[in-house]
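Participant: Input: one structure, supplied below.
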RNA sequence: GCGGGCGUCGCCAAGUGGUUAAGGCAGCGGCUUGUGGCGCCGCUAUUCGGGGGUUCGAAUCCCCUCGCUCGCCCCA
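Laid out in structure tokens, this is it:
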């Protein structure tokens, strides 16, 4: 029979990994709450039109990476490839924006049909933040600070913030013409991909990795020079705020971003330890999106982080620090050993009352010799072992022993044991 | 979608045409049927991702296929 396995690019998270994910999620939740962000959850499945209109028909994400299908009612549905479009849709649909500005965060799986590689899966997970109804440039810096500080709280080092301004759509339309004209005269110097982009999405050429194209671009007219006076001032205010917050950044003229809805501030936080998929967090301002999806004109900033990439970085850094054996993280505090029959039944009841008192308890269910059970108790990483044998069952007592220190064994009435153990655990 | 590397037990792995597919870790059992950590002994792959082919004979050679992985691309 053919072996059943998970689909390509869809990863199982086994207990060892899951502990790391929970740590990131718990850290992020506390961090977001302090930043005054509220959580929003939207469906994984949306109408295809939402992404086509929101992200842009010409983008790679919409053009070739979406998981789309017709449902039983012949409606075109798509597994969300990113979070922002859904959040904006939900905010419009429920009139959230009529109640004033919204600071939201979200998390969960996204789907993109791509060839998997390190830090890139078909089902991947993002943590994202959206500030809806905030035109103030300092908010851009605040949003960036929230991302930057979260990464700091997670203990991730070796990160760089790259920053650019895309200006307004009018600025870009103007620049687009200038760039197309300039590059058009130099077509021959461009790589093949860039030549096709000349017609479809010329700004993306700025992001090309082709050495020939990059060399040519050094003398190209810059987007910064095409920005309006107002856009320039706006960008200056963002930089000023970042400097005041003591967050270092590097101006990156080639940073264009792949989704159509961005304008003004665009940024990425990258790591030098991730290989080809270096971006840990990416985002920017998207002032036109709400209106484009049928809502009131609303200025917004946001970003998204790749969970898998965070996990990759944390794992790598833990390995470098040679952190303690990870299996001990899930170790029970106490391990219950018993003989079969009546004693085992008492052990079952005792384990339940210990858990009710907040202790992490594991009970041996093997029914093998006490020596074996002790061996397993030791391997489980537990600190305490509790024994109920025939004699103890008869007397309704249990023996308590510290596995990691002297191993002195004491006998208590089963009813007293939770209190006794709790007192010992506290010191 | 395009290129490179790889696929032997739950994990790490030796084996590169010849009788029974090393070893280590983990697991299980025993020495020790009421007491762990050490040690010793034993058990755990009719089978080498899958399917064809070559050969007296294949994990080892050839073809196809699937998967993993790295890079391009794309992005979180």
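In my numbering, the protein residues as written are 125 to 551. The beta-carbon is built from N, C-alpha and C at its ideal position, and this holds for glycine as well.
1) On a Cα-Cα basis, can you pick out the residue from 527, 477, 474, 520 that is closest to residue 497?
2) Would you kindly check if the distance between the Cβ of residue 386 and the Cβ of residue 290 is under 8 Å?
3) Do you know whose CA, among 339, 380, 539, 168, lies nearest residue 249's CA?
4) Just to confirm, is the Cβ distance from residue 522 to residue 474 under 8 Å?
5) Going by DSSP, name the residue or residues bridged to residue 171.
6) To the nearest angstrom, how far is the alpha carbon of residue 584 from that of residue 344?
7) Report the option in 182, 369, 480 whose CA atom is closest to the CA atom of residue 323.
8) Give the straight-line distance between the Cα atoms of residue 520 and residue 512, rounded to the nearest whole angstrom.
9) Look at the Cβ atom of residue 267, then the Cβ atom of residue 426, and state whether they are nearer than 8 Å.
10) Can you list, in chain order, the residues of its chain with a C-beta nearer than 6 Å to that of residue 229? Leave out the 5 residues immediately preceding and following it.
11) Buried or exposed for residue 123, going by 16 or more other Cβ atoms inside 10 Å?
12) For residue 205, which residues from the same chain have a beta carbon less than 7 Å from its beta carbon, with the 5 sequence-adjacent residues on both sides left out?
13) To the nearest angstrom, how far is the alpha carbon of residue 406 from that of residue 302?
14) Under a Cβ-count criterion, where at least 16 other Cβ atoms within 10 Å of its own Cβ denotes burial, should residue 447 be classed as buried or exposed?
15) With residue 458 and residue 510 assumed to form a contact (beta carbons below 8 Å), what rounded beta-carbon distance in angstroms separates them?
16) Considering only C-alpha positions, which residue in the set 165, 170, 225 is nearest to residue 421?
17) Determine, using beta carbons only, whether residue 355 and residue 292 come nearer to each other than 8 Å.
18) Is residue 208 buried or exposed, if buried means 16 or more other CB atoms sit within 10 Å of its CB?
Facilitator: Walking through what the data contain:
1) Numbered from 1 along the first chain, position 373 holds the residue referred to as residue 497. For residue 497, the nearest C-alpha among the options comes from 527.
2) Along the first chain, one-based indexing puts residue 290 at 166. Along the first chain, one-based indexing puts residue 386 at 262. Yes, they are a contact pair.
3) Start at 1 with the first residue of the first chain, and residue 249 comes out as number 125. It is 168 whose Cα lies nearest to the Cα of residue 249.
4) Residue mapping note: residue 522 aligns to position 398 of the first chain, counting from 1. Residue mapping note: residue 474 aligns to position 350 of the first chain, counting from 1. Their beta carbons are under 8 Å apart, which means residue 522 touches residue 474 by this criterion.
5) Translated into the one-based positions of the first chain, residue 171 becomes position 47. For residue 171, which the question treats as bridged, DSSP gives the partners 201.
6) No answer is possible for residue 584: it lies beyond the span of the chain, which begins at 125 and ends at 551.
7) Here the question's residue 323 lines up with position 199 in the first chain. The shortest C-alpha separation from residue 323 is found at 182.
8) The residue labelled residue 520 in the question sits at position 396 within the first chain. The residue labelled residue 512 in the question sits at position 388 within the first chain. The straight-line gap from Cα to Cα measures roughly 9 Å.
9) Counted from its first residue, the first chain places residue 267 at position 143. Counted from its first residue, the first chain places residue 426 at position 302. Against a cut-off of 8 Å, the Cβ pair of residue 426 and residue 267 comes out as a contact.
10) If you number the first chain from 1, residue 229 lands on position 105. 156, 161, 163, 253.
11) Because residue 123 is not part of the residues shown, which for the chain are 125 to 551, the question remains open.
12) Within the first chain, the letter at position 81 stands for residue 205. Contacts found: 175, 185, 189, 190, 234, 235, 236.
13) For this step, residue 406 is matched to residue 282 along the first chain. For this step, residue 302 is matched to residue 178 along the first chain. Each residue's alpha carbon lies about 27 Å from the other.
14) Looking up residue 447 in the first chain gives position 323. Note on residue 447: pLDDT 47, under 50, position unreliable in the model; no value is reported.
15) Within the first chain, residue 458 is the residue found at index 334, counting from 1. Within the first chain, residue 510 is the residue found at index 386, counting from 1. 6 Å between Cβ atoms; contact.
16) Numbered from 1 along the first chain, position 297 holds the residue referred to as residue 421. It is 225 whose Cα lies nearest to the Cα of residue 421.
17) Here residue 355 is taken as the residue at index 231 of the first chain, counted from 1. Here residue 292 is taken as the residue at index 168 of the first chain, counted from 1. Yes, Cβ-Cβ distance for residue 355 and residue 292 is below 8 Å.
18) Your numbering for residue 208 matches position 84 in the first chain. Its Cβ being crowded by 16 or more others within 10 Å, residue 208 is buried.
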